[in-house]
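Residue numbers (my numbering): 172 to 512. No residue lacks a Cβ here, since even glycine has one placed at the ideal position from N, Cα and C. Note that this is a predicted model, so its numbers are computed, not measured. Everything below concerns the one structure shown next.
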């Protein structure tokens, strides 16, 4: 660390006070050749291991579920959910290469996009699920969806991706430090998540009430053969123009679909509340602490460099929990009967 300029204390800097002598993000020293990871190697390597383990676990689980779903003609929404889980898990493997970009192996913009693309992908499947539930309550599951619903879904999904990736692109031309405070992104992401979760909860409760009625009827008349309009939420496709006909099902015992729906809504609420809480905390309680020290380090402040730790952020654990929640929520795959059965 002989090339590093020593400074007695950390100077509080504006987050975007970038000068000509400021090193690029993740680098410091008189010749800008020392990566941030140099100052906390144990935490850096531990984070690499954690990201790698989480990524491998997610990839294996989502690939397995996707393969089973393909073999048994899973619904389009189910397949999409597993693909998104696979994509997000791959982003964890990507992050394991260079956590937070502190090793200067990956450009900072790539490290940030890996994180935000995972968030946007999770929001995408939540939006698709919300639109699906809205379609159920409007009775348009078995018919071609109204074009306005499809357009609305695509508009929301596009907006989510533009918000996250567009914000990351502001890192270009700023030595990796960006043009806008990151707490704006965190607050925006929290608001988006709140809206999506609220819609899921509202329409999920409506579906739950309908399922309770169906389960109650099945319990009272167990031998009754009925056509359940929403008996198989996992099997109905969201593809435009694709229809599935739910055949009459002989009810032998209560299937407790309402209870399953309640568990799903509880899981969504808990994960969303935890995620929103961390995003708001990150935005309001610690809006500048990270980038402040990173910028100070890139300006040669030694005492700022030794405070930098490439630990796995709590929000990234929430992302992995969300992946597990999606896999659990779409876990039911009805096995296609064989020719001999």
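Go through the segment 187-245 residue by residue and report every complete run of the alpha helix (DSSP H) that reaches 4 residues or more, in order. Within the segment 187-245, the complete alpha helix (DSSP H) runs of at least 4 residues fall at 212-242.
Helix, strand or coil: which one does DSSP assign to residue 483? Note: residue 483 maps to coil in three-state DSSP.
Cβ neighbours of residue 195 in the same chain (closer than 6 Å, five flanking residues each side left out): Closer than 6 Å at the Cβ level, and outside the excluded window around residue 195, lie 346, 347.
So, with DSSP's three-state summary, where would you put residue 273? Residue state for residue 273 is assigned as coil, using DSSP reduced to three classes.
Beta carbon of residue 446, beta carbon of residue 382: below 8 Å? Contact flag unset, no.
Pick from 235, 481, 230 that is closest to residue 260, judged by C-alpha positions: The closest CA to that of residue 260, considering only 235, 481, 230, is found on 230.
If we define contact as Cβ-Cβ less than 8 Å, is residue 250 a contact residue for chain C? Among the chains in the structure shown there is no chain C, since it carries only a single protein chain.
Output the distance between the C-alpha atoms of residue 474 and residue 468, rounded to the nearest integer angstrom. Computed Cα separation, rounded: 8 Å.
Could you check the C-alpha separation between residue 227 and residue 493 for me, to the nearest Å? Residue 227 and residue 493 have their C-alpha atoms some 16 Å from each other.
Identify every run of the alpha helix (DSSP H) within the segment 430-474, keeping only runs that are complete inside it and at least 4 residues long; order them along the chain. Counting only runs of 4 or more residues that sit fully inside the segment 430-474, the alpha helix (DSSP H) segments are 460-469, in chain order.
Do residue 217 and residue 490 have their C-beta atoms within less than 8 Å of each other? Pairing residue 217 with residue 490 gives a Cβ-Cβ distance that is not under 8 Å.
Please look up how many angstroms separate the CB atoms of residue 453 and residue 357, rounded, as I've assumed it's under 8 Å. Rounded to whole angstroms, the Cβ separation of residue 453 and residue 357 is 5 Å, and the two are in contact under 8 Å.
For residue 351 and residue 284, what's the separation of their Cα atoms in angstroms? Taking the straight line from one Cα to the other gives about 16 Å.
Sequence-distant residues of the same chain with beta carbon closer than 8 Å to residue 189, five excluded per side: Shown here for residue 189: same chain residues with a beta carbon closer than 8 Å to its own, the five before and five after excluded, namely 345, 346, 348, 466 in chain order.
CA-to-CA distance, residue 471 to residue 379, given in whole angstroms: Distance between the alpha carbons of residue 379 and residue 471: 58 Å.
For residue 429, collect the residues of the same chain with a Cβ closer than 6 Å to its Cβ; drop the 5 residues on either side in sequence, then sort them by chain order. Close CB contacts of residue 429 within its chain, under the 6 Å cut and outside five residues either way in sequence, are with 379, 382, 383, 386 (chain order).
Alpha carbon to alpha carbon, how far is residue 367 from residue 361? Give it in angstroms, no decimals. Near 10 Å, if we compare the C-alpha coordinates of residue 367 and residue 361.
Quick one: grab the DSSP three-state call for residue 329. In the structure shown, residue 329 sits in a helix (DSSP, three-state: H, G or I).
Three-state secondary structure (DSSP) at residue 295? If DSSP states are grouped into helix, strand and coil, residue 295 belongs with the helices.
Would DSSP call residue 346 helix, strand or coil? DSSP places residue 346 in coil when its eight states are reduced to three.
Ordered along the chain, which non-local residues of its own chain (more than five positions away) have a Cβ less than 8 Å from that of residue 298? These residues qualify, in order along the chain: 324, 327, 328, 331, 367.
Check whether residue 342 and residue 279 have beta carbons under 8 Å apart: For residue 342 and residue 279, yes; Cβs fall inside 8 Å.
Excluding the 5 residues preceding and the 5 following residue 294 in the sequence, name in chain order all residues of the same chain whose CB lies nearer than 6 Å to its CB. Non-local C-beta neighbours of residue 294 in its own chain, meaning closer than 6 Å and more than five positions away in sequence, comprise 331, ordered along the chain.
For residue 207, collect the residues of the same chain with a Cβ closer than 6 Å to its Cβ; drop the 5 residues on either side in sequence, then sort them by chain order. Cβ contact annotation for residue 207 (same chain, cutoff 6 Å, sequence separation greater than five): 197, 273, 479, in chain order.
Which whole-angstrom value is the C-beta distance of residue 232 and residue 441, which I expect to be below 8 Å? By a beta-carbon distance limit of 8 Å, residue 232 does not contact residue 441. Their separation comes to about 20 Å.
Beta-carbon separation (whole angstroms), residue 444 vs residue 500, contact threshold 8 Å: Actually they do not touch by this definition, with Cβ atoms about 16 Å apart.
Contacting residues, own chain, Cβ-Cβ under 7 Å from residue 214 (five flanking each side not counted): So the qualifying residues of the chain are 480, 481, 482.
Pop quiz: residue 476 and residue 210 are said to be a contact at Cβ under 8 Å. What is the actual Cβ separation, rounded to whole angstroms? 5 Å between Cβ atoms; contact.
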